[in-house]
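Protein chains: 2
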Amino acid sequence: MTSLSASPESSTEHSTKLVYLFGDGRAEGGAGMRELLGGKGAGLSEMSSLGIPVPPGLTITTEVCSAFYANGRRYPDLLEEQVRAGISHVESIVGARFGDASNPLLVSVRSGARVSMPGMMDTVLNLGLNDETVQGLADSSGDERFAYDSYRRFVAMYGDVVLGLKRESDLDEDPFEAILERKKEAFGVQEDTDLSADALREVVAEYKAEILGKLGIEFPDDPWEQLWAAIGAVFESWESPRAIIYRDLNGYPSEWGTAVNVQAMVFGNLGDDCATGVAFTRNPKTGASGLFGEFLINAQGEDVVAGVRTPQPIRAVERADDGPPSMEEVQPAVYGELVTAAQLLENHFQDMQDIEFTVQRGKLWVLQTRNGKRTGPAMVRVAVDLVEQGLIDREEALRRQDPEQISELLHSVFAEGAAKDVITTGLPASPGAAVGKVVFSAEEAAEQAETGEDVILVRVETSPEDIQGMLAAQGILTARGGMTSHAAVVARGWGKCCVAGCGDLEIDYASGVFRIETESGVRTVHRGETISLNGTTGEVMLGAVALADPELPEDLTLLMTWADGARRLGVRANADTPEDASKAREFGAEGIGLCRTEHMFFGEDRILAVRQMILAENETGRREALKRILPMQRQDFEGILQAMEGLPVTIRLLDPPLHEFLPHGNEEIERVAKSLDVEPGRVSQRVQALQEFNPMLGHRGVRLAITYPEIYEVQTQALVEAACNLGARGVDVRPEIMIPLVGTAQELARLRERVATVAQRVISEHGSELEYTIGTMIELPRACMTAAEIAAHADFFSFGTNDLTQTTFGLSRDDAGRFLPDYITQKVLEKDPFVELDREGVGELMRLGIDRGRSVKPDLKLGICGEHGGDPSSIAFGHDVGLDYVSCSPYRVLAARLAAAQAALFEGS
Amino acid sequence: MTSLSASPESSTEHSTKLVYLFGDGRAEGGAGMRELLGGKGAGLSEMSSLGIPVPPGLTITTEVCSAFYANGRRYPDLLEEQVRAGISHVESIVGARFGDASNPLLVSVRSGARVSMPGMMDTVLNLGLNDETVQGLADSSGDERFAYDSYRRFVAMYGDVVLGLKRESDLDEDPFEAILERKKEAFGVQEDTDLSADALREVVAEYKAEILGKLGIEFPDDPWEQLWAAIGAVFESWESPRAIIYRDLNGYPSEWGTAVNVQAMVFGNLGDDCATGVAFTRNPKTGASGLFGEFLINAQGEDVVAGVRTPQPIRAVERADDGPPSMEEVQPAVYGELVTAAQLLENHFQDMQDIEFTVQRGKLWVLQTRNGKRTGPAMVRVAVDLVEQGLIDREEALRRQDPEQISELLHSVFAEGAAKDVITTGLPASPGAAVGKVVFSAEEAAEQAETGEDVILVRVETSPEDIQGMLAAQGILTARGGMTSHAAVVARGWGKCCVAGCGDLEIDYASGVFRIETESGVRTVHRGETISLNGTTGEVMLGAVALADPELPEDLTLLMTWADGARRLGVRANADTPEDASKAREFGAEGIGLCRTEHMFFGEDRILAVRQMILAENETGRREALKRILPMQRQDFEGILQAMEGLPVTIRLLDPPLHEFLPHGNEEIERVAKSLDVEPGRVSQRVQALQEFNPMLGHRGVRLAITYPEIYEVQTQALVEAACNLGARGVDVRPEIMIPLVGTAQELARLRERVATVAQRVISEHGSELEYTIGTMIELPRACMTAAEIAAHADFFSFGTNDLTQTTFGLSRDDAGRFLPDYITQKVLEKDPFVELDREGVGELMRLGIDRGRSVKPDLKLGICGEHGGDPSSIAFGHDVGLDYVSCSPYRVLAARLAAAQAALFEGS
């Protein structure tokens, strides 16, 4: 005890060092001091220590912030002295003086907490300007207009951030903006940039007058007064309402406090030996090594972003034939410095860097560096390259992949720079690009596609009846429905481009047109006109936009091998056809986790028999129709089992309510009646009778089989016959029979017995041997609660998280579009629970189900086969709760393999 | 150890006493020996010991059954000797001899397990008959026809049960029935009873020939051979498939075994000093003390049940003016014996008894006694009487109440002095009043009732097949049958009005009419005409007679006081109007647990404003319409709060999807459009837009308020204004505001804040003080899983078990009708989960929700407000899991108070 209290520094006592300096290749702090210096301060120190030329500056520590609040908003005594020493340090490096009329040092004052809190706290730029120093800036830059523009920006920013002159309500104008607008009117100019230096000088004066009039405060001319007030404002902003809310939402404690960074301003627009630019250490589109970027001579950073002037390339090899010269050519010395700095930074941060820089009078200043955003192919290539360079290991390479971007590698894209006429934008429901002629019905789509025409199917919304047409179309555009609407889900499953919920669309099926009201009037698109869809952005474009073929990056295969080595979770695919199954296998699926037999029922050749079954009056009638369906189903199953030879295939027996298979609309009803040789009245009567108030909660899944067991019996017969036939031909088949929508153990017990009886009969008739399992979807809360009882009758559980999410939330996926967006916008929900598995609710039920199921059957096989099976966060959850596999659409298999690897690598972190 | 193994009877060793005798006021067994003697055997012994004249007999123990199976279906050595001794004992008491040609003893052989397994095992009657003894029976009865009828029944029963000659499939005729039918044809008669003794003798011979032909077995003449085979058949029936299934379903172990009871047959049809009848120890309609029953002279038990002859009353006071004489008058000695026996039995069993008896040659034999079925008023009165007599205590009285029957006490009666056109009068078989359209079959009744039609089922007589139709009907009218006929017994069990044995009724099923011959001519009533039944007087009236509220039995208040003293659970009511609230209060509700504000929206005067709100394009439009709704809602709330002065009232803010308020059908749409002064197209467009695929899972409850918060704001304003207004007038108001369909804590947190803000504003505007709470419905599985987070923002949880059942099972209550009956029939589900709370699934979720909610807020108030709040079993569950209250419909409040008391009394049992 004595030795502890005798320790020279107790943890509650603060250090006397309140300010850390950086610049000129040195720094007092470093990357490890985020808590004390904040993220930005630590980063600037780190860069400076590396010898990167960052504009010099000083960081006031977070402890000062805490002390500031602890002592009634007063600074520690030592602070003034240390800040003054810091400014001297900056002055000596930059060779300018704070408040000097002829060569003034200007500084920025920025907040910097230990974590990034974007936009939550305040910043003041160009601090140090007044009516004298502005003249010095004008002289040294030789650009009076620039000097006064900087001055008026400083006054406005300071007036807003430090003095608190803001618009009074959201409806009011910004007071500074209003003055500027009036000035533009007075001078008869359109753009800010058209205002002269004199006009801007007037603006500055009017800004100050406004401040005096509204707040009764004389704008401070003294740079030191400006500085201290700005530092105070940054500390105050730590406890601003929006910062508090942000912290509360993210669970960051108030005690952390913020640091304040005071840094020399540097200017890229003081002459032709000045410049500003952005450089990536590698090509962010391809990942190819070598600097890649753009710069502008005699310009400010915002000029690059604004795109008003055409930037010049950094490297000579990037120069276009008729383009402007590169930095390598016109500023070779600075270019050399930049190359060195870039290499230093990439090696140090072990990743491709995105570097902002400014050249002031021939001197390179690095303003910021961060890991660079990159395309999917670049992501893969950079990671593999870095491993090969020995900078990172394989696990780190895997951790850095974005599964979404891997997924997008598989989709077709529009050619870069292709001209486009965007007429509206919907939800980016399924990524990719599509071009085709507009059709308004599934039949039309199928017919046109048959003749070799590329078509886009445009519907208010889609239903299972449209499947054939959707399959035939290049892309799908719907007016209603969200990211998990029928169209979206089906399209994603096929990797087909879909733009959904495009609310502007007014479809007139009768006239064969759709209309879009735009600002410039109504655009009308007729059947047969060509449109283009971008499923990645949601854009709908008139005419054919040029397409480009996606190419899978070479390194992807290698990366995926690493992923497979790292993951524990199996990855299967949801596939209903041999084609889908082959595709899934190609992408590395280790089995089929969900084969939906109902999709097979919609084929032209079989829907009639299905309808006959549904319209039957009794079991005899149903069995007769099923007899016709049997050989077709057997053929379906043979195809899939063959395609997945050696791998497990989970076949889900019929799930949806029967009325989904029935015709709608008088015309279709008559057609069906005719083909079935019954009265149309009979058909519409039956359609009527099968309508449900809440079909999602209705007569479907195992409930159909409790009332009409013959349906599952015949499906089982078809499956087992298919398996036996293949087995006889030496094919290794591994069928798993799945009973959907089980809520009680009794349901499964009964159906398991029926299914097993049929299977056993078929197997003995074939005189063959066949291993198969019988399991169930777990997609009802009750199934989770009674999982122990259910597990007694199940060889496996496959969590149907789509339906489980619907029932757990009491939320219809088809109807949620009307209010779920409000939920996300208002942050009542963080994420759409149909996209990312809700861990607290649905996930908690799954945990219970898993615990209870495995409590009676420790080796119960567990999987997930909802849409979530392809979502990285949900896959991580699946890993955590001990699932055996996830199953997702074939086009998500690569992403899922990667996400599964990441789940294993991030485990426990 | 030594002393234990030295014990003279080890538990695995069976007793050497295999047969227990009873009769003549003595018995070797008793009520405590159910395990050894079975329920029936123990009961017969008990009665005999009491001095009740039961036909003498013997019980072969269940241990013999076990030994029979353990030893390869052989009997223990000692059995034969003991059975022979038992038969001698019976012979000596009855004064007849087994197998004696002139005075034969006939016996019944019946199974009897330790619990009743109705219809599961077999019985043989009249055993001991053969071609010789039948003549003795003919002589002693003086009725040769009766003797041969008994003989042919015995041969058929023995042939079926013992020898196993059954119909081969459900489609075949019963082989014995077929022979009988052919015989009736041959003799040209319609009824079995029209066959002569000679014809029946031929039937017996043909039965035996059939047995020989089909089974190759000579029918045994030897009574002893008959007896041993019958005993064996009873033992065999213990392991019959249907018995095994029944045991499995009920969890009874095979080891229990069955006992066999061999008992002397007694006959009530051997002459005019014979009789048979049924007597209750009290009036089962009113509970008034004194024997109550009917008997028939020279008849068999089945004649009473069949209702072919009109029975005579037991007591003289029950004799109708022009009715037949009573037993008290015609058989006074036997009557005296019966009175004594009845009193003995009631005192012994401490409950009203339902006694079956036969008088053979002036000697009373009690065949069976059991606790008598009774009406609700009788149930209450008997229980209170027994407490006053000191036979049982209050707790026992409460335990014996059937909450369902208490509920039925509230069923309507006719308004006093209401005009009525009495067309005939039958027996007042089950009290109450009923008005409905005439139907003539159970199917019709069920169908019509389904469409919401009130119907009266009119039948010559009823049978178990008619149960569904009887249940569906408002009342039942039969032409034949007495107070204990099928119709009468069943209807009383349900508290449903029944007029039986209405002899004037001539029913013509084919034409769908019934006719009544009156003094003024024939009255004809057609299918579909409305009639009224008075089950208390037996009157049948043409047209609809006005109904009135019933009066509750005097003793009920006392009983309810006892119940209130015994229960822990509070009982509230669901009520949406001041009228319902007052009614609930009258029945003892301790508050309103659910006031559904949407029901208030349907009033003629307000639906227009509601529709205006829904049709509004934006918030401004909605607020305008809400402004019109506000004063009406305020008035609603004032009414309810006033009615419930001093008691809590839980107001649920708007819950259902908005489209429920919209008009449907073109006509209605046009009407609405006109009254709102908008285009009909606009209205139908909006109706269309608001349609949902699964409205149950759609935009409703708190979701409406997330998107349109103004709705809840205005409702809150109306409520708090109402409360403040009343408060200012000195009324003690206790509003509780309930937010429905919460699935995430965020939803409740936001709405709580909005609601509280409005409430606080109104309260300060009124300058008053008001205590109120804010809580939520828990009706989604996700709410249960995240109950800890939700509880942080809730003062109370009210479990909405209707919706919780729907979401937990994924089962729409509106659609379940198509398959739930199959689930119940096939026993996939034991009970309709919308009637009786599903403990394993829904209940388990509730437990989780309660645990988690109370883990952060130990004093969280908990209730239930679904339909289950009035269901006794669900109330017991609510008690077990620690709810504070249940809330149910006003008419279920009495039942709920009682059920809550029972839950407390049965706790831990």
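As given, the protein sequences belong to chains A and B, one line each in that order.
Using our numbering, you'd call the opening residue of the first sequence number 2 and step up by one each time.
Using our numbering, you'd call the opening residue of the second sequence number 2 and step up by one each time.
Heads up, the beta-carbon is just placed ideally off N, CA and C, and yes, glycines get one too.
Asked: Nearest-angstrom Cβ-Cβ length linking Ala746 (chain A) and Glu790 (chain A), presumed shorter than 8 Å; Found: 4 Å
Asked: 6 Å Cβ shell around Gly42 (chain A) - same chain, five flanking residues per side excluded; Found: Thr60, Gly113, Ala260, Asn262
Asked: Interface flag, Pro242 (chain B) vs chain A, CB-CB below 8 Å; Found: no
Asked: Beta-carbon spacing of Glu639 (chain B), Leu727 (chain B) below 8 Å; Found: yes
Asked: Interface flag, Asp322 (chain B) vs chain A, CB-CB below 8 Å; Found: no
Asked: Against chain A: residues of the segment 697-731 of chain B by CB proximity under 7 Å; Found: Met697, Leu698, Gly699, His700, Arg704, Ile707, Thr708
Asked: Nonlocal neighbours in the same chain, by C-beta distance under 7 Å from Gln469 (chain B), ignoring five residues either side; Found: Ala443, Ala447
Asked: Interface partners of Leu595 (chain B) on chain A, CB under 8 Å; Found: Result: empty, since nearest Cβ-Cβ is about 18 Å, beyond 8 Å.
Asked: Cutoff 8 Å: Pro782 (chain B) Cβ touching any chain A Cβ; Found: yes
Asked: Classification of Leu79 (chain A) by the beta-carbon crowding that lies within 10 angstroms, buried from 16 upward; Found: exposed
Asked: CB contact below 8 Å: Met786 (chain B) versus chain A; Found: yes
Asked: CB contact check: Ser813 (chain B) to chain A, cutoff 8 Å; Found: yes
Asked: Coil, strand or helix - Val55 (chain A) by DSSP; Found: coil
Asked: Outcome for Ala901 (chain B) when other beta-carbon atoms lying within 10 angstroms are tallied against a minimum of 16; Found: buried
Asked: Whole-number beta carbon distance between Ala379 (chain A) and Thr287 (chain A), since they are thought to touch under 8 Å; Found: 6 Å
Asked: Beta-carbon neighbours of Asp505 (chain A), restricted to chain B and to distances below 9 Å; Found: Near Asp505 (chain A) there are no residues of chain B at all, since even the closest Cβ is about 15 Å away, more than 9 Å.
Asked: CB contact flag (Val125 (chain B), Val110 (chain B), <8 Å); Found: yes
Asked: Through-space distance from Phe797 (chain A) to Thr774 (chain A), alpha-carbon basis; Found: 8 Å
Asked: C-beta neighbour in chain B for Asp804 (chain A), strict 8 Å; Found: yes
Asked: Segment limits, alpha helix (DSSP H) that includes Ala492 (chain A); Found: 487-495
Asked: Through-space distance from Gly73 (chain A) to Glu240 (chain A), alpha-carbon basis; Found: 13 Å
Asked: Burial state of Ser1 (chain B), where buried means 16 or more other Cβ atoms lie within 10 Å; Found: Not covered by the structure: residue 1 (chain B). The range shown for chain B is 2 to 910.
Asked: Given Met786 (chain A) as reference, the closest of B:Leu849, B:Ile740, B:Cys725 once Cα atoms are compared; Found: B:Leu849
Asked: Short-range partners of chain B found in the segment 675-688 of chain A, where Cβ spacing is below 8 Å; Found: none
Asked: N-terminal and C-terminal residue of the alpha helix (DSSP H) that Ser151 (chain B) is part of; Found: 145-162
Asked: Through-space distance from Leu292 (chain A) to Asp322 (chain A), alpha-carbon basis; Found: 19 Å
Asked: Members of the segment 830-848 of chain B that neighbour chain A once the beta carbon cut-off is set at 8 Å; Found: Leu830, Asp839, Glu841, Gly842, Val843, Glu845, Leu846
Asked: Limits of the unbroken beta strand (DSSP E) element including Gln361 (chain A); Found: 354-361
Asked: Local Cβ density within 10 Å of Thr802 (chain A), reported as buried at 16 or more and exposed below that; Found: buried
Asked: Cut-off 6 Å between Cβ atoms - residues of its own chain near Lys858 (chain A), not counting five sequence neighbours on either side; Found: Ala792
Asked: Residues that Tyr824 (chain A) contacts on chain B, provided the C-beta gap is smaller than 7 Å; Found: Ile707
Asked: heavy atom of the ligand HEM below 7 Å from Val523 (chain A) C-beta; Found: For the structure depicted, the ligand HEM is absent and the ligand set is empty, with no information on it obtainable.
Asked: Exposure of Lys628 (chain A), with buried meaning 16 or more beta-carbon neighbours within 10 Å; Found: exposed
Asked: Spatially closest choice to Asn270 (chain A) from A:Asn348, A:Gln354, A:Glu145, A:Pro333, by CA coordinates; Found: A:Glu145
Asked: Distance CB(Glu396 (chain B))-CB(Leu906 (chain B)) smaller than 8 Å; Found: yes
Asked: Cβ neighbour criterion (16 or more within 10 Å) applied to His794 (chain A); Found: buried
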